[in-house]
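Only one structure is covered here, and it is reproduced in the block below.
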Amino acid sequence: MGQEHDNAHDLQKLRDRYVPKGPFNVTRSFAASAEGAVIRDVDGREFIDFAGGIGVVNVGHCHPKVVAAIKDQAEKFIHTCFHIVMYEPYVRLAQKLCELAPGDFDKMALFANSGAEAVENAVKIARSATKRQGVIAFENGFHGRTLLTMTLTSKVKPYKFGFGPFAPEVYRMPYAYCYRCPIGLDKATCGAACADLLKDFFIGQAAAENVAALIVEPVLGEGGFVTPPTQYFSKLAAICKENGIVFVADEVQTGFGRTGKIFAMEHHGLAPDLTCVAKSLGGGMPLSGVVGRREVMDAPQVGGTGGTFGGNPLSCRAALAVIEAFEEDKLLERAQRLGDTLQKRFSSWLKEYEILGEERGLGPMRALEFVSDRKTKAPATAQAKALAKFCVDRGLLLLSCGAHGNVIRTLMPLVITDDQLERGLAIMEEGLREISLGRL
Ligand SMILES: Cc1ncc(COP(=O)(O)O)c(C=O)c1O
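So the numbering used here is basically just the index in the sequence shown, starting at one, shifted up by 1.
Structure below.
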């Protein structure tokens, strides 16, 4: 390829000249290689990865099983198109996903390429199954960058600004952001009252019999790792059921072990009608899918769903290897231990550093919300961003999120070693100390 000889400085010039600014960059580094929870760049710098390619490499970079599966498949055939000549990895993966997804009912699965495509497909399937059009999404939700998923997404800048008009028949409800309760109640006593607003919604916004789907993230991803209680989701699911609305979980970011279970809805004992998966499903390969109730999944007519690359053989083989890796490497147990370590550490920081307003998350999908005043909860966006920059400058990849960009989140590979984790956390703590001393 030749690129190995170019350093980041030269590559940055090419990037600036030939790639528009729209696709954002968190660092100015160019990757040379990656393994487990470490990325090396073309200048020989090493990063401990708490970002995981935005939640894509739960099994770690270049997991040996994933690499072997991709190589083996590439030597057999790379693409036939599932619609032209079918192949075993697609149907085997569909079977596996149906077995793994929560719910003691018959399921089916189909595959696409990106998280946004999975969400688009889920909406199409729900509309086809219900013969209704409305879709309910949530404040601070993120579902992708295509027209429909950008419409479902609630943050305007940068995701929607200048890109309208948006898709019709999309409605929005408050999300159970308990730290900043949308209806001013106390989490300890509210009984998830914000979920009941859905009943008023059917009076004031759209009739239940016109609503095809309600799509919700079990933990807000880009929206700030907001983690509602079980009661919230069980109420939403029950209202959907009563009204014939397809309950869709967008598990694109929460899925595939991120929260210590394969799917986050398992923490709540709930089985959504449809679940969207992507990101860590493919172990780094582009792959997404929708899995759910057989009768709903099977509603669209022949040719109504699909696509040229959907469920590419290399991606499906990679995903089958990911599932094997979860079983053989006991990754869910590792994830739970990792989550405990992060929770303990973050809770101790919450006691120590005034700048932190809340520690939250599910398992190792954890976050710290920064506030400049614990009473007013004014978002401390500059400090959260300063911490992320401090960490990147010291070799730790760390991402912010949240409507105000004032939340720091962890998406490290679950295979991270104790030593790498400790080194990463030490950098974070050093940054927090600098902030508390007013030096950042
Ligand atoms: C919850 C959720 N849904 C959908 C998407 C869109 O996925 P993609 O970027 O693969 O289209 C994302 C991406 O971050 C996500 O977090």
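Heads up, the beta-carbon is just placed ideally off N, CA and C, and yes, glycines get one too.
Quick check for students: name the residue ranges of the beta strand (DSSP E) that lie wholly in the region 123–162, counting only runs of 3 or more. Qualifying beta strand (DSSP E) stretches, in chain order: 135–139.
**OP:** Would you identify the three-state DSSP class for Pro103, choosing helix, strand or coil?
**Re:** Coil.
inquiry  = So, under 8 Å CB-CB, Ala119 and Val253 are touching, yes? Tell me the CB distance rounded to an integer number of Å.
reply    = 7 Å
Buried or exposed by the 16-neighbour rule on C-beta atoms within 10 Å, applied to Gly3: Legend: pLDDT at Gly3 = 46, less than 50; position of this residue unreliable, value from coordinates given subsequently. Gly3 sits exposed, since fewer than 16 C-beta atoms from the chains shown fall within 10 Å of its C-beta.
Looking at ligand 1, does it come within less than 7 Å of Gly358, judged from the CB to the closest heavy atom? No, the Cβ of Gly358 stays beyond 7 Å of every heavy atom of ligand 1.
request  = Determine the direct distance from the alpha carbon of Ile85 to that of Glu360, and round the result to whole angstroms.
outcome  = 49 Å
**Leu441, DSSP secondary structure in three states** = coil
Comparing the CB of Glu223 with every heavy atom of ligand 1, is any distance shorter than 7 Å? yes
* In three-state DSSP terms, what is Thr231? -> helix
Reducing DSSP to helix, strand and coil, say where Ala238 ends up.
Residue state for Ala238 is assigned as helix, using DSSP reduced to three classes.
Terminal residues of the beta strand (DSSP E) in which Met366 lies: Met366 to Phe371
Between Phe167 and Thr152, how many whole angstroms is the CB-CB distance? I'm expecting something under 8 Å.
4 Å
_Simplified DSSP assignment, three categories, for Met266_ = helix
Cβ-based burial, Tyr91 [other Cβ within 10 Å; buried from 16] | buried
What number of angstroms, rounded off, separates the C-alpha of Leu426 from the C-alpha of Arg395?
12 Å
Worksheet item: Start and end of the alpha helix (DSSP H) containing Met174?
Response: Premise fails: Met174 lies in the beta strand (DSSP E), Val171 to Met174, not in any alpha helix (DSSP H).
Does any heavy atom of ligand 1 sit closer than 7 Å to the C-beta of Val303? no
query = Taking 7 Å as the line, does the beta carbon of Phe143 fall inside it for any heavy atom of ligand 1?
reply = yes
Quick check on Cys392: does DSSP put it in helix, strand or coil? helix
query: Helix or strand or just coil, what does DSSP make of Gln4?
result: At Gln4, the pLDDT of 49 sits below 50, so the modelled position is not reliable; the number obtained from the coordinates is stated separately. Three-state DSSP puts Gln4 in a helix.
Note to self: Helix, strand or coil, according to DSSP, for Thr356 in the structure here?
What the structure shows: Here the sequence assigns Ile to residue 356, which means Thr is not the residue at that position. In the structure shown, Ile356 sits in coil (DSSP, three-state: anything other than H, G, I, E or B).
Classify Gly23 as helix, strand or coil using the three-state DSSP reduction.
coil
**Message:** From the DSSP secondary-structure annotation, give me the bridge partner or partners of Ala380.
**Reply:** The sequence shown places Pro at residue 380, rather than the Ala named in the question. According to DSSP, which records beta bridges pairwise, Pro380 is partnered with Val372.
* To do: Check whether the Cβ atoms of Phe226 and Val27 lie closer than 8 Å to each other.
  => no
*Starting from the C-beta of Lys14, find all residues in its chain whose C-beta is less than 8 Å away, skip the five residues before and the five after it, and write them out in chain order.*
none
* For Glu370, is the classification buried or exposed, using 16 other Cβ atoms within 10 angstroms of its Cβ as the cut-off for buried? -> The residue in question, Glu370, is buried, as its Cβ has 16 or more Cβ neighbours within 10 Å.
Hey, Ser281 and Val68 are a contact pair by Cβ (cut 8 Å); roughly how many whole angstroms apart?
-> Taking the Cβ atoms as the reference, Ser281 lies roughly 16 Å from Val68, outside the contact range of under 8 Å.
Is it the case that the CB of Ile55 approaches a heavy atom of ligand 1 more closely than 7 Å?
-> Within the cutoff, so yes.
Cβ-Cβ distance between Met174 and Leu198 below 8 Å:
yes
For His268 versus Leu412, is the C-beta spacing smaller than 8 Å? Not a contact, by the Cβ cut-off of 8 Å.
query: Would you call the region 247–261 and the region 193–211 touching, i.e. three or more CB-CB distances under 8 Å?
result: A contact between stretches requires three or more CB pairs, one per stretch, nearer than 8 Å, and the region 247–261 fails this requirement with the region 193–211.
Exercise. In the DSSP assignment, find the unbroken alpha helix (DSSP H) run with Glu76 in it and report its ends.
Key: Pro65 to Lys77
### Query
Is it the case that the Cβ atoms of Ile436 and Ala387 are separated by a distance below 8 Å?
Going by beta carbons, Ile436 and Ala387 fall inside the 8 Å limit.
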